[in-house]
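Residue numbers in the sequence shown follow my numbering, run continuously in steps of one, and reach 190 at the last position. Glycine is no exception: its CB is placed at the ideal position from the N, C-alpha and C atoms.
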Amino acid sequence: MHRSPVFRAAACALLALVVAGCAELTAWLGPDVQAPEPDVVYDPTPTAVVDAMLELAELKAGDVLYDLGSGDGRIVIAAAQRVGVRAIGIDIDAELVERARENAERAGLAGRAEFRAQDLFKADISEATVVTLFLGAELNLRIRPRLLETLAPGTRVVSHQYDMGLWVPDRERQVGSRTLYLWTVPGR
Numbered sequence: 003m004h005r006s007p008v009f010r011a012a013a014c015a016l017l018a019l020v021v022a023g024c025a026e027l028t029a030w031l032g033p034d035v036q037a038p039e040p041d042v043v044y045d046p047t048p049t050a051v052v053d054a055m056l057e058l059a060e061l062k063a064g065d066v067l068y069d070l071g072s073g074d075g076r077i078v079i080a081a082a083q084r085v086g087v088r089a090i091g092i093d094i095d096a097e098l099v100e101r102a103r104e105n106a107e108r109a110g111l112a113g114r115a116e117f118r119a120q121d122l123f124k125a126d127i128s129e130a131t132v133v134t135l136f137l138g139a140e141l142n143l144r145i146r147p148r149l150l151e152t153l154a155p156g157t158r159v160v161s162h163q164y165d166m167g168l169w170v171p172d173r174e175r176q177v178g179s180r181t182l183y184l185w186t187v188p189g190r
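Structure (structure tokens):
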């Protein structure tokens, strides 16, 4: 079918308006329209390791635990089951955060286990007395300065499998083939 020059011009003008509108909409919505990609692949922490991490942290009543990269919420839920502990999970993956909320609700802990879909580099973690993480070697090195700057002296940090480079751990513990590390944020 042969289109007239007027039809082609009108179609091109309409297409230009649509493209311009999409560009304008993207500019208006900003760069955060899509959720950022996670820096690590979801790898659930085994139950025995969760228990050992919480033991190593020496959780006590009044503690506020933040799990960075909380996945399905298993560390947060296990911590919230302890008397007097408030636990918050931070994960960039909104679907995992929703799954974690459902898991906490099933465990009857919806009020004591909180989950936030946030970038762990931007989340306010300053109230934490305990931080747990299973992030990876590179991400641990990237988050270390933020932990040391943001967390109060005495805050305990427990990492599953990955150290923090030059920050020497206070203790290490083996759970099968896995290594756990404990640091205490030093005074400034």
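Measuring alpha carbon to alpha carbon, tell me which residue in the options is nearest residue i.
i, options, result
"D95", "I79, L122, V87, R84", "L122"
"A125", "V78, D93, R146", "D93"
"V133", "T47, L111, I77", "I77"
"A154", "E129, D172, L141, R173", "E129"
"E97", "L61, K62, R144, A119", "A119"
Would you decide whether residue i is buried or exposed? Buried here means 16 or more other CB atoms lie within 10 Å of its CB.
i, result
"R114", "buried"
"Y44", "exposed"
"Q163", "buried"
"G86", "exposed"
"Q36", "Here Q36 scores only 44 on pLDDT, less than 50, and its place in the model should not be relied on; the value that follows carries that caveat. Classification for Q36: exposed."
Taking the alpha-carbon positions, what's the residue i to residue j distance?
i, j, result
"G64", "S161", "21 Å"
"A50", "D165", "19 Å"
"A89", "D74", "14 Å"
"G178", "Y68", "25 Å"
"E104", "A59", "25 Å"
"E57", "A106", "20 Å"
"V52", "R180", "11 Å"
"I127", "L150", "11 Å"
"R190", "R148", "14 Å"
"T176", "T131", "Here residue 176 is Gln; the residue named in the question, Thr, does not match the sequence. About 23 Å."
"N142", "E174", "16 Å"
"R144", "R108", "34 Å"
Taking 7 Å as the limit between beta carbons, can you name the residues of its chain near residue i, skipping five residues before and five after?
i, result
"M55", "I77, T134, V160, H162, L182"
"T47", "R76, I77, F136, H162"
"R84", "L61"
"P171", "D165, Y183, L184, W185"
"A81", "L56, L61, L67, V87, A89"
"V100", "Going by the sequence as given, residue 100 is Glu instead of Val. Counting only Cβ-Cβ distances below 7 Å, and skipping sequence neighbours, we find nothing."
Short of 8 Å in beta carbon distance, which residues of its chain neighbour residue i, apart from the five on each side in sequence? Order them along the chain.
i, result
"R146", "M166, G167, W169"
"L111", "I79, A82, Q83"
With a CB to CB cut of under 6 Å and the five nearest residues on each side skipped, what residues in its chain are close to residue i?
i, result
"V187", "L153, P155, T157"
Is it true that the CB of residue j sits closer than 7 Å to the CB of residue i?
i, j, result
"F117", "A139", "no"
"G1", "L137", "Only positions 3 to 190 of the chain appear in this structure, which leaves residue 1 out of reach."
So, does the CB of residue i fall closer than 7 Å to a CB anywhere in chain B?
i, result
"Q120", "In summary, chain B is missing from the structure at hand, where a single protein chain is found."
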